[in-house]
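These notes concern the structure reproduced below.
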Amino acid sequence: MGGGQRNVLGGPLGSCSEKPMTGFFRDGCCNTSDEDFGSHTVCVLLTAEFLEFSKAHGNDLSTPRPEFGFPGLRPGDRWCLCAARWREALHAGRAPRVVLNATNEAALLIVGLDDLKRHAVDLN
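Throughout, my numbering is defined as the position within the sequence shown, counted from one, plus 359.
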């Protein structure tokens, strides 16, 4: 499980969400691998604003898709988001908040730690 992947702060990768079950591997964590082309590595706290932004940009996360075992997401849910999608939302001023201890260090290949920290829910 997870193969000891690390978060952006250098610690062990924490759980993002099991309700709904998230992650590329649907293991509750933002684990990644070479097969995860989207880099589903940023653990976010979803907002209505971001869900609307995402839907308008062709990635509808709010509509349930039972055929894919996808419950449809609501504001307040935590989810492993593609790092490039988070970056796109950041540039549009719509980035959702980030849970750093559950965000995979692999996200740093795509987004900057300073940007993530500015949106963190778990930094004092």
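Beta carbons: idealized from backbone N, C-alpha and C, even for Gly.
Practice item. Tell me whether S376 sits in a helix, a strand or coil according to DSSP, three-state version. Key: Start at 1 with the first residue of the sequence shown, and residue 376 comes out as number 17. Coil, per DSSP.
**Study point:** Meets three-Cβ-pair contact criterion under 8 Å: the stretch 428-444 and the stretch 380-399
**Key:** yes
Point to revise | Contact between the stretch 464-478 and the stretch 415-425 (3+ Cβ pairs under 8 Å) | key: Flag = no, the stretch 464-478 and the stretch 415-425 do not touch.
Practice item. With a threshold of 16 other CB atoms inside 10 Å of the CB of R477, please say whether the residue is buried or exposed. Key: Against the sequence shown, residue 477 aligns to sequence position 118. The residue is exposed, with fewer than 16 neighbouring Cβ atoms inside 10 Å.
Point to revise | Nearest-angstrom beta carbon gap, G373 and A454 [assumed within contact, 8 Å] | key: Position 95 of the sequence shown, counted from the first residue, corresponds to residue 454. Position 14 of the sequence shown, counted from the first residue, corresponds to residue 373. Not really, about 20 Å apart at Cβ, beyond 8 Å.
Review point. How should S392 be labelled, buried or exposed, when 16 other C-beta atoms within 10 angstroms of its C-beta is the threshold for buried?
Key: The sequence position of residue 392 within the sequence shown is 33, counting from 1. Exposed, because fewer than 16 other Cβ atoms sit within 10 Å of the Cβ of S392.
**Study point:** For G361, three-class secondary structure by DSSP
**Key:** Here residue 361 is taken as the residue at index 2 of the sequence shown, counted from 1. In this prediction, G361 scores a pLDDT of 43, lower than 50, which makes its location untrustworthy; no coordinate-derived value is stated.
Check your understanding: If we count the other Cβ atoms within 10 Å of its Cβ and call it buried at 16 or more, is F396 buried or exposed?
Key -> Start at 1 with the first residue of the sequence shown, and residue 396 comes out as number 37. Classification for F396: exposed.
**Study point:** As assigned by DSSP and simplified to three states, the class of F429
**Key:** Taking the first residue of the sequence shown as 1, we reach residue 429 at position 70. Three-state result, F429: strand.
**Study point:** Contact belief for V401 with A451 at Cβ below 8 Å, rounded distance in angstroms
**Key:** For this step, residue 401 is matched to residue 42 along the sequence shown. For this step, residue 451 is matched to residue 92 along the sequence shown. At roughly 15 Å, the Cβ-Cβ gap does not stay under 8 Å, so V401 and A451 are not in contact.
Review point. Would DSSP call L404 helix, strand or coil?
Key: Along the sequence shown, read from residue 1 onward, the residue named residue 404 stands at position 45. Of the three classes helix, strand and coil, the one that applies to L404 here is strand, per DSSP.
Exercise for review: Could you tell me the boundaries of the beta strand (DSSP E) in which R437 lies?
Suggested key: Residue numbering aside, residue 437 sits at position 78 when the sequence shown is read from its first letter. Here the beta strand (DSSP E) through R437 covers 437-441.
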